[in-house]
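>
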Amino acid sequence: MTTPDLSVMSEATRLTREGRLLEATALLQGRPSEGVRVAAPPTSTPIDHHHDPRLRDLIKNLLHRRSDLGVGSLGLGHRAVPDTERPYRLHVPDTLAGPAPLIVMLHGGTQDAAAFEAATGMNALADEHGFLVAYPEQLPSANPMKYWNWFSPADQQRGQGEPAIIAGIVADLIAAHPVDP
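First residue of the sequence shown? That's -9 in this note's numbering, and the numbers climb one at a time after it.
#1: Can you round the beta-carbon distance between Q128 and R76 to whole angstroms, since I take them to be within the 8 Å contact cut?
#2: Starting from the Cα of T3, find the closest Cα among S131, K136 and F141 and give me that residue.
#3: State the Cα-Cα distance for the pair Q147 and G20, rounded to the nearest angstrom.
#4: What residues match up with Y137 in a beta bridge as DSSP calls it?
#5: By Cβ distance, which residues of its chain are closer than 8 Å to T33, with the 5 residues on each side in sequence left out?
#6: Within the same chain, show all residues whose beta-carbon is closer than 8 Å to that of H68, passing over the 5 residues directly before and after it, in chain order.
#7: If I follow the unbroken alpha helix (DSSP H) through V160, where does it start and stop?
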């Protein structure tokens, strides 16, 4: 399978949002379904958590489900890159007082963890509400356009492929930082 171009990825994303997963998968695997069009790529805009009520409400609900822990710091981290693992960035608030929630943010294609971290504003929310944020990074060797391979059957199962890599990052973070499992 060749790596889909940006217009194919954009169309697959649209189909996925509409719940048309089989069509999205077929398109990404180079087997577009009848009547599926490939749109021009959309322009990218940073996520603004202050103005997007869906994201704000999601974060509020996630934070509401934990106990009040205060705020604290362990600094930034970056994981080594053996072939089966992914690098990641980690944001830990400066005054974390105890075990805290961990949010894992997966960047889009052509992005890297640092650009995604800067564009989302999640670190400011983490500082304000006392949670850790991990930003795993897709390697160009795994996907030349740096998309996560959610469309690949090998990366759709618990315990294998990219889900296992991300779960491994989470397990390492739970072991090394005050993360509430």
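Where a beta carbon is used, it is the ideal one built from N, C-alpha and C, also for glycine. In this text, all values refer to a predicted model and were calculated from it rather than measured experimentally.
According to the data block:
#1: With 8 Å as the limit, Q128 and R76 qualify as a contact, their Cβ atoms being about 7 Å apart.
#2: Closest option to T3, Cα to Cα, is F141.
#3: Rounded to the nearest angstrom, the two C-alpha atoms are 21 Å apart.
#4: Within the DSSP bridge table, the entry for Y137 names no partner.
#5: Low per-residue confidence applies at T33: pLDDT is 45, beneath 50, and the placement is therefore not dependable enough to give any value.
#6: With a pLDDT of 35 at H68, under the threshold of 50, the predicted position of this residue should be treated as unreliable, though the coordinate-derived value follows. Taking H68 as the centre and dropping the five residues before and after it, the same chain places the C-beta of P77, Y78, R79 and L80 closer than 8 Å to its C-beta, in chain order.
#7: G151 to A166 is the span of the alpha helix (DSSP H), which, as asked, contains V160.
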